[in-house]
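Asker: Note that this note's numbering gives residue 230 to position 229 of the sequence shown, counting from 1, and the numbers run on in steps of one.
Don't be surprised by glycine CBs; every beta carbon is placed ideally from N, CA and C.
For reference, the structure I am asking about is given below.
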Amino acid sequence: MRHARITSGVAAIALTLAAAAARATDIEVLHWWTSGGEARALAELTKKLEASGHRWRDFSVAGGGGDNAMLLLKTRVVSGYPPMAAQIKGPEIREWAEEGLLADIGDVAKAGNWDATLPTVVANAMKYEGRYVAAPVNVHRVNWMWINPEVLKKSGVEPPATWDALISSADSIRKAGFVPIAHGGQPWQDFTLFESVALGVGGADFYRRAFVSLEAATIQSPTMIKALDTFKALRKLIDAGANNREWSAATAMVINGKAAVQFMGDWAKGEFAKAGKQPGRDYLCLPAPGTDKTYTYNIDSFAFFRQRQDDARKAQADLANALMGAEFQENFNLAKGSIPARTNARMDRFDDCAKRSAEDFRATAQSGGLVPSVAHRMAAPEAVQAAMQSAVSSFFNDPGMSSRDAQARLLQAIAQR
Ligand code: GAL
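Here it is as structure tokens:
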């Protein structure tokens, strides 16, 4: 495992130094929430902690999807200064816990009755060997399509129900003067688009076998080739300026009427909200083509690095409690675009996209359509996720790379387990 290789032998040093470095009331938290909407959501957290007497020390690392943040986290841990808490998600929570670096926050969870307050799928993702080591703040849905209805109307195009429909409407959209798909050419954004295509083309069972169970036969199947072919066809629907564009700049293209659609998780809604836009009127949220009975979930959570000093541990407990607060989760998620992680959260202040997300989360959990987002580090071990992302992104951007080549790279990726 990657972390183990990178950080082995430094755990003990890290813990000693962390104790020395932490000031009792300083809460240093690593995160990658730097866009307009994300910063607005984060302010809810800093406000809450500062009101309870702590000092927020911001450790933000720009770069959507968290690739940069996770690299820097490793550097900090290796050099002996882990932050008090870090935005760590999915199977990586377990990978860090296996190294003995994470604090057990089981007492806080017990006192707060987290087991009864969280959906099972969320609670399980926060635990290592049955004990909580992380606290969740939300559930993001990834398989969304954000639409500018005005742009579609001017292009004489209906919201696409299939990927093929979108591909065939591209000419009309372009002729009307718009970019069909707003996209940022960064590996994680390519992977985000790909997972929605794979889900739409292959369905939940295919997706789960390929990206959660990591089954070779599914990676090698004709369905995977179809997903890859469809994905590659979408490359032509993206403008020349996409290279390295931030996801929020791509969202702005939909907001400002330059592009027809964006495929992105509902943190994009945070940008629409910040711009004062209303769903149903200024923009539409629809599941990506072919994915309306399915749901790719992405849970934002914070894991806690072990501390020696009582004051630091107390500050961590306060942070954990704050993250799980009902009122906090409501305010935070209204700005973030996601829905509260807590079950039975009040949804009356939320918009229709969030209400639909909450409804579909419940329904797909029952139907089997609920799957973890592989692009957002929820489904596979980090080494596999990284290798898959690199395969998918190279394929998308290299005209000479065939679907067969990409399939072979994906097969190599699952061997990283
Ligand atoms: C995701 C994260 C979201 C959002 C997005 C873009 O991985 O879960 O909260 O911030 O990246 O930065």
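Verify the contact flag: G271, CB atom, against every heavy atom of the ligand GAL, threshold strictly below 6 Å.
Answerer: The residue labelled residue 271 in the question sits at position 270 within the sequence shown. No, Cβ of G271 sits at least 6 Å from all heavy atoms of the ligand GAL.
Asker: Between which two residues does the beta strand (DSSP E) holding Q88 run?
Answerer: Indexing the sequence shown from 1 puts residue 88 at position 87. Start and end: A86 to Q88.
Asker: Which same chain residues end up closer than 6 Å to A22 when comparing Cβ atoms and leaving out the 5 residues on each side of it in sequence?
Answerer: Sequence index remark: in the sequence shown, residue 22 carries index 21 (1-based). For A22, the predicted model reports a pLDDT of 45, less than 50, meaning its position is unreliable; a value from the coordinates is still stated below. Same-chain partners within the cutoff: Y82.
Asker: Please state whether DSSP places Q308 in a helix, a strand or coil.
Answerer: Numbered from its first residue, the sequence shown carries residue 308 at position 307. Three-state DSSP puts Q308 in coil, outside helix and strand.
Asker: Would you call E39 buried or exposed, if buried means 16 or more other Cβ atoms sit within 10 Å of its Cβ?
Answerer: Here residue 39 is taken as the residue at index 38 of the sequence shown, counted from 1. E39 should be labelled buried.
Asker: Label T76 either buried or exposed according to how many other C-beta atoms from any shown protein chain fall within 10 Å of its C-beta, with 16 as the threshold for buried.
Answerer: In the sequence shown, counting from the first residue as 1, residue 76 sits at position 75. T76 should be labelled exposed.
Asker: Look up A135 in the DSSP assignment and give the residues it is bridged to.
Answerer: In the sequence shown, the residue the question calls residue 135 occupies position 134. Beta-bridge pairing links A135 to A304.
Asker: Tell me the start and end of each unbroken beta strand (DSSP E) in the segment 317-385 that is at least 3 residues and wholly inside, in chain order.
Answerer: Entirely contained in the segment 317-385, the beta strand (DSSP E) runs reaching 3 residues are, in chain order, 371-373.
Asker: Put R24 into one of helix, strand or coil per three-state DSSP.
Answerer: For the purposes of this step, residue 24 is taken as the residue at position 23 of the sequence shown. With a pLDDT of 44 at R24, under the threshold of 50, the modelled position of that residue is not reliable, and no figure is offered here.
Asker: Does any heavy atom of the ligand GAL sit closer than 6 Å to the C-beta of D301?
Answerer: Within the sequence shown, the letter at position 300 stands for residue 301. For the ligand GAL, at least one heavy atom lies less than 6 Å from the Cβ of D301.
Asker: Are there 16 or more other CB atoms within 10 angstroms of the CB of N334, so buried, or fewer, so exposed?
Answerer: Here residue 334 corresponds to residue number 333 of the sequence shown, with the count starting at 1. Under this definition N334 is a buried residue.
Asker: Is R418 helix, strand or coil by DSSP?
Answerer: In the sequence shown, the residue the question calls residue 418 occupies position 417. In the structure shown, R418 sits in coil (DSSP, three-state: anything other than H, G, I, E or B).
Asker: Using only alpha-carbon positions, find the residue among P382, P288, M402 and P400 that is nearest to I415.
Answerer: Start at 1 with the first residue of the sequence shown, and residue 415 comes out as number 414. Minimum Cα distance to I415 is reached at P382.
Asker: Check whether the segment 386-404 and the segment 181-194 are in contact - that is, three or more C-beta pairs closer than 8 Å.
Answerer: Touching, yes.
Asker: Mapping DSSP to helix, strand and coil, what is R424?
Answerer: Since the first residue of the chain shown is 2 and the last is 418, residue 424 is not available in this structure.
Asker: Write down the C-beta distance between A136 and M379 rounded to the nearest angstrom, noting that I regard them as a contact closer than 8 Å.
Answerer: Walking along the sequence shown from the start, residue 136 turns up at place 135. Walking along the sequence shown from the start, residue 379 turns up at place 378. About 16 Å separates the two Cβ atoms, so there is no contact after all.
Asker: Using C-beta distances below 6 Å, list every residue in its chain close to R24, excluding the 5 sequence neighbours before and after it, in chain order.
Answerer: By one-based count along the sequence shown, residue 24 stands at place 23. Residue placement at R24 cannot be trusted, given a pLDDT of 44 that sits under 50; what the coordinates show is reported in the next sentence. Same-chain partners within the cutoff: there are none.
Asker: If I measure Cβ to Cβ from Q408 and keep anything under 7 Å in the same chain, skipping five residues before and after, which residues do I get?
Answerer: Working through the sequence shown from its first residue, we reach residue 408 at position 407. Counting only Cβ-Cβ distances below 7 Å, and skipping sequence neighbours, we find I220, Q221, M225, I226 and L229.
Asker: At a cut-off of 6 Å, is G65 close to the ligand GAL when judged by its beta-carbon and the heavy atoms of the ligand?
Answerer: Indexing the sequence shown from 1 puts residue 65 at position 64. Yes, the Cβ of G65 comes within 6 Å of a heavy atom of the ligand GAL.
Asker: By how many angstroms is the C-alpha of H55 removed from the C-alpha of Q263?
Answerer: Reading the sequence shown from its first residue, position 262 is the one you call residue 263. Reading the sequence shown from its first residue, position 54 is the one you call residue 55. Distance between the alpha carbons of Q263 and H55: 39 Å.
Asker: K128 by DSSP, collapsed to three states: which one?
Answerer: Locating residue 128 in the sequence shown gives position 127, counting from the first residue. Reduced to three states, the DSSP call for K128 is strand.
Asker: Using a Cβ-Cβ cutoff of less than 8 Å, which residues in the same chain neighbour S53 once the five nearest sequence positions on both sides are dropped?
Answerer: Residue mapping note: residue 53 aligns to position 52 of the sequence shown, counting from 1. Closer than 8 Å at Cβ, skipping near neighbours: D319 and A323.
Asker: What residue from R210, D68, C286 and R142 has the CA that sits closest to R363's CA?
Answerer: Working through the sequence shown from its first residue, we reach residue 363 at position 362. The option with the nearest alpha carbon to R363 is R142.
Asker: Check for me: the beta strand (DSSP E) holding R56 runs from which residue to which?
Answerer: Counted from its first residue, the sequence shown places residue 56 at position 55. First-last of the beta strand (DSSP E) with R56: R56 to S61.
Asker: Check whether the Cβ atoms of R309 and T118 sit closer than 7 Å, and answer yes or no.
Answerer: Translated into the one-based positions of the sequence shown, residue 309 becomes position 308. Translated into the one-based positions of the sequence shown, residue 118 becomes position 117. Against a cut-off of 7 Å, the Cβ pair of T118 and R309 comes out as no contact.
Asker: Excluding the five sequence neighbours on either side, which residues of its own chain have a C-beta within less than 7 Å of the C-beta of E45, listed in chain order?
Answerer: Along the sequence shown, one-based indexing puts residue 45 at 44. Result list for E45: F329, N332, F333 and A336, in chain order.
Asker: The ligand GAL and W147: does the residue's C-beta get closer than 6 Å to at least one heavy atom of that ligand?
Answerer: In the sequence shown, counting from the first residue as 1, residue 147 sits at position 146. W147 Cβ: outside cutoff for every heavy atom of the ligand GAL.
Asker: Is H184 near the ligand GAL, with its Cβ less than 6 Å from a heavy atom?
Answerer: Translated into the one-based positions of the sequence shown, residue 184 becomes position 183. Incorrect: H184 has no Cβ contact closer than 6 Å to the ligand GAL.
Asker: Is H32 near the ligand GAL - that is, is its Cβ less than 6 Å away from at least one heavy atom of it?
Answerer: The count along the sequence shown starts at 1 and reaches residue 32 at position 31. No, Cβ of H32 sits at least 6 Å from all heavy atoms of the ligand GAL.
Asker: Can you check DSSP and say which residues form a bridge with Q263?
Answerer: For the purposes of this step, residue 263 is identified with residue 262 of the sequence shown, where counting begins at 1. Beta-bridge pairing links Q263 to W147.
Asker: Quick one: Cα of R132 to Cα of A313, how far?
Answerer: Numbered from its first residue, the sequence shown carries residue 132 at position 131. Numbered from its first residue, the sequence shown carries residue 313 at position 312. Spanning the two alpha carbons is a distance of roughly 20 Å.
Asker: Closer than 6 Å to a non-hydrogen atom of the ligand GAL - does that hold for the CB of H55?
Answerer: In the sequence shown, the residue the question calls residue 55 occupies position 54. Because no heavy atom of the ligand GAL lies under 6 Å away, the Cβ of H55 does not count as near it: no.
Asker: Rounded to whole angstroms, what is the Cα-Cα separation between T231 and D406?
Answerer: Counting from 1 along the sequence shown, the entry for residue 231 is found at position 230. Counting from 1 along the sequence shown, the entry for residue 406 is found at position 405. Straight-line Cα distance between these residues: approximately 15 Å.
Asker: Since V213 is in the alpha helix (DSSP H), which residue starts that stretch and which ends it?
Answerer: For the purposes of this step, residue 213 is taken as the residue at position 212 of the sequence shown. Note, V213: premise wrong, no alpha helix (DSSP H); not H, not E.
Asker: DSSP three-state label for V202, please.
Answerer: Taking the first residue of the sequence shown as position 1, residue 202 is located at position 201. If DSSP states are grouped into helix, strand and coil, V202 belongs with the helices.
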